[in-house]
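Numbering (the numbering used here), first residue to last: 2 to 299. Every residue gets a Cβ at the ideal spot worked out from N, C-alpha and C, and that includes glycine. Take a look at the structure set out below.
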Amino acid sequence: MRRQLGSDAGLVSRMFLTMFLLAALYLFFLVVLWQSGMSYSGIIIFVGAMLFFQYYYSDRMVLWSMRAREVSAREAPELHAMVERLASLADLPKPRIAIVPSSIPNAFATGRNPASAVVAVTTGIMELLDRQELEAVLAHEMSHIRNRDVAVMTLASFFATIASFIMRHFLYWGGAFGGQDRDNRGGAMVVYMVSLLVWLISFFLIRALSRYREFAADRGAAILTGAPGQLASALMKISGSMTRIPEKDLREAGAFNAFFIIPALKGGSLMELLSTHPSLERRLAYLRKLEQEMELIR
2 MRRQLGSDAG LVSRMFLTMF LLAALYLFFL VVLWQSGMSY SGIIIFVGAM
52 LFFQYYYSDR MVLWSMRARE VSAREAPELH AMVERLASLA DLPKPRIAIV
102 PSSIPNAFAT GRNPASAVVA VTTGIMELLD RQELEAVLAH EMSHIRNRDV
152 AVMTLASFFA TIASFIMRHF LYWGGAFGGQ DRDNRGGAMV VYMVSLLVWL
202 ISFFLIRALS RYREFAADRG AAILTGAPGQ LASALMKISG SMTRIPEKDL
252 REAGAFNAFF IIPALKGGSL MELLSTHPSL ERRLAYLRKL EQEMELIR
């Protein structure tokens with residue numbers, strides 16, 4: 002029987018505030034670009050095309066990069082059965098399922114919407130976790146799909162990507178638009194400095210939004226399975242096993258940390274402020290809180 006929990010008002014308000022701050026920052030950025038008198042339509046079109054490609058083909062790109070292979074129900078019957086059950090509980094279409102040939106114990110979900118979603122697990126996580134723990138991890142990924150997190154994070158990073166593009170190509174674009182006119186060169190420098198500021202602030206805001214969405218996915222997994230302790234156990238096992246993974250393998254998987262349920266990093270190697278995920282300690286504390294709430298309503 003599926004347990005029901007009221008919404009986490011604190012978590013919802015933090016996500017709303019972060020998205021509001023991002024919207025305000027990007028509005029300021031647009032005003033500066035407009036006031037500068039420079040035509041950045043070419044940049045926006047180029048970056049927009051890149052993000053369009055990422056939005057519509059991200060699932061294929063990630064699966065190809067991770068060497069993931071989609072598996073049928075005949076090849077992985079137990080995995081398909083778990084995902085099908087969770088999809089039914091979450092009122093979602095059953096996503097495609099893929100297996101990544103990697104000793105790093107991890108899982109991720111990708112796809113711009115529930116209809117195009119893919120859930121992938123590594124061979125390492127299937128060997129490490131028991132059935133209940135693996136189901137909790139899959140429930141976490143199903144929650145990401147239900148919350149449309151890939152689409153949300155892609156849209157949230159749109160203007161940050163534009164700002165980054167302007168910074169990296171400042172010499173070309175500044176020369177092309179500024180010419181020899183001192184005022185135009187000054188305007189180009191203002192755009193560059195604002196782009197730097199927008200990128201820097203949005204970097205931290207997007208990281209914060211990503212961490213809040215991980216909490217939301219943990220909450221969704223707890224509700225779907227009715228057993229927050231199983232996800233907590235899985236997270237501890239995954240995190241603990243990272244110390245036994247060769248550094249070379251961790252570096253190769255590092256580009257996909259934002260997708261993983263736990264970053265492919267050894268403990269304490271990254272400040273939480275710069276991370277896409279909350280610390281393990283905070284996630285475990287949150288899951289303990291959810292377990293207590295569930296005990297009260299049983």
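Cβ-Cβ separation between Leu12 and Tyr213: approximately 6 Å, consistent with a contact (criterion under 8 Å).
Three or more Cβ pairs closer than 8 Å define a contact, and the segment 189-198 meets that threshold against the segment 29-37.
If you check the CB distance, Ala99 and Ala121 come in under 9 Å. In the displayed model, Thr244 falls within a helix according to three-state DSSP.
In this structure, the straight-line span from the alpha carbon of Ile239 to that of Met83 is close to 19 Å. Annotation: Val72 is outside any beta strand (DSSP E) and is labelled neither H nor E by DSSP. The continuous beta strand (DSSP E) containing Phe109 extends over residues 108-111.
For Arg86, the uninterrupted alpha helix (DSSP H) run begins and ends at 78-90, by DSSP. Between the alpha carbons of Ala209 and Arg15 lies a gap of roughly 9 Å.
For the pair Ala265 and Asn107, the CB atoms are nearer than the 9 Å cut-off. For Arg149, the secondary structure class from DSSP, reduced to helix, strand or coil, is coil. The three-state reading of DSSP puts Ala121 in strand, counting E and B together.
Between Leu18 and Phe160, the gap from beta carbon to beta carbon reaches 9 Å or more.
Within the same chain, His141, Ser144, His145 come within 6 Å of Ala218 by CB-CB distance, once the 5 residues on both sides are set aside. In terms of Cβ geometry, Ser59 and Arg113 form a close pair [threshold 9 Å]. In summary, Ile262 is buried, with 16 or more beta-carbon neighbours lying within 10 Å of its beta-carbon over all protein chains present. With respect to the 9 Å criterion, Met168 and Ser196 are classified as neighbours on the basis of their beta carbons.
Membership of Ile298 in any beta strand (DSSP E) is not indicated; the residue belongs instead to the alpha helix (DSSP H) covering 281-298. If you draw a straight line from the Cα of His81 to the Cα of Ser73, it is about 8 Å long. Rounded to whole angstroms, the separation of the alpha carbons of Ser104 and Ile246 is 8 Å. For Ile98, the enclosing beta strand (DSSP E) has its first and last residue at 97-101. Distances from the alpha-carbon of Leu275 to those of Leu90, Val63, Phe204 put Phe204 closest.
Val119 is the residue among Val119, Thr162, Thr124 whose C-alpha sits nearest the C-alpha of Pro94. Here Glu134 is buried, its C-beta having at least 16 other C-beta atoms within 10 Å.
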